[in-house]
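First the structure, in the form of structure tokens, and then the observations on it.
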Amino acid sequence: AQSVTQLDSQVPVFEEAPVELRCNYSSSVSVYLFWYVQYPNQGLQLLLKYLSGSTLVKGINGFEAEFNKSQTSFHLRKPSVHISDTAEYFCAVTPTGFQKLVFGTGTRLLVSP
Amino acid sequence: EAGVAQSPRYKIIEKRQSVAFWCNPISGHATLYWYQQILGQGPKLLIQFQNNGVVDDSQLPKDRFSAERLKGVDSTLKIQPAKLEDSAVYLCASSVGLAGGPPRETQYFGPGTRLLVL
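So the sequence lines, in the order shown, correspond to chains V and B. Everything in the first sequence is counted per this note's numbering, starting at 52 for the first residue and increasing by one. Everything in the second sequence is counted per this note's numbering, starting at 139 for the first residue and increasing by one.
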């Protein structure tokens with residue numbers, strides 16, 4: 052079975068500072084990997100996804116993530132955060148050939164001035 | 139392009155009552171998903187439809203939950219009778235649903251229905 056671990060439940064950071072949100076997964080087969088963002092009282096929105104090819108994936112709003120197969124990680128990064136990036140971030144995995152998306156428990160990013 | 143619509147946005151009921159949620163996916167999307175998101179957790183897939191057929195309902199508590207998508211467009215999720223532990227946000231999502239596509243496709247989420255069972 053596949054599982055996703057988001058190591059930090061909450062990450063406080065100051066505006067314009069860099070941030071990394073960590074995600075590790077467990078799977079015995081190849082996977083597709085996703086990061087979704089959830090703003091307060093809204094549904095989830097896709098930030099980026101890794102399907103194949105280049106391990107560095109660029110997404111919306113200046114976010115990027117790097118797939119590391121040997122470390123089974125897919126960490127999300129942004130070089131300079133804004134107040135508006137305050138939200139809950141979810142990492143998700145689905146094994147290739149399967150249908151179900153498995154989400155992590157989320158990391159709350161808190162950006163303060 | 140209109141997004142995924144859900145109603146109601148909020149619902150408060152007492153345990154043992156019944157409740158129904160409605161979802162209208164993005165026009166043309168063949169795949170529809172219902173997720174349960176309990177406070178402090180990530181969304182958990184309850185059921186996935188491809189057009190009006192069920193692809194996966196392995197995590198749906200079938201003794202109390204039911205879902206249908208009769209015409210392959212909008213969908214309803216029902217809980218009868220509700221329990222305290224059903225308090226959660228119920229998210230509906232849709233994706234294009236090309237053959238072999240869903241594992242790779244972007245899912246578009248609605249705003250969710252927040253259910254409180256007292």
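Every residue gets a Cβ at the ideal spot worked out from N, C-alpha and C, and that includes glycine.
When secondary structure is reduced to three states using DSSP, B/Ile176 falls in the coil class, being assigned neither helix nor strand. Secondary structure at B/Glu243: coil, using DSSP grouped into helix, strand and coil. Here V/Ser54 is exposed. Its C-beta has fewer than 16 other C-beta atoms within 10 Å. Contacts between V/Phe154 and chain B, judged by CB atoms closer than 7 Å, involve Gly180, Pro181 in chain order.
Membership of B/Val227 in the beta strand (DSSP E) is indicated by the continuous run 226-233. Each of B/Leu229, B/Cys230, B/Gln245, B/Tyr228 was checked against the Cα of B/Leu236, and the nearest Cα belongs to B/Gln245. Contact between V/Val70 and V/Tyr76 is absent: CB atoms are separated by about 20 Å, not below the 8 Å threshold. Taking V/Glu66 as reference, the option from V/Asn92, V/Lys129, V/Thr158 with the minimal CA-CA separation is V/Lys129. The beta carbon of B/Gln245 falls within 9 Å of a beta carbon belonging to chain V, placing the residue at that interface. Contact annotation, V/Ser163 with V/Pro91: C-beta distance approximately 16 Å; criterion of less than 8 Å not satisfied. Annotation for B/Ser204: Lys216 place their beta carbon closer than 6 Å to its own, counting only its chain and skipping 5 residues before and after. Straight-line spacing of the CA atoms in B/Leu254 and V/Ser121 works out to 43 Å.
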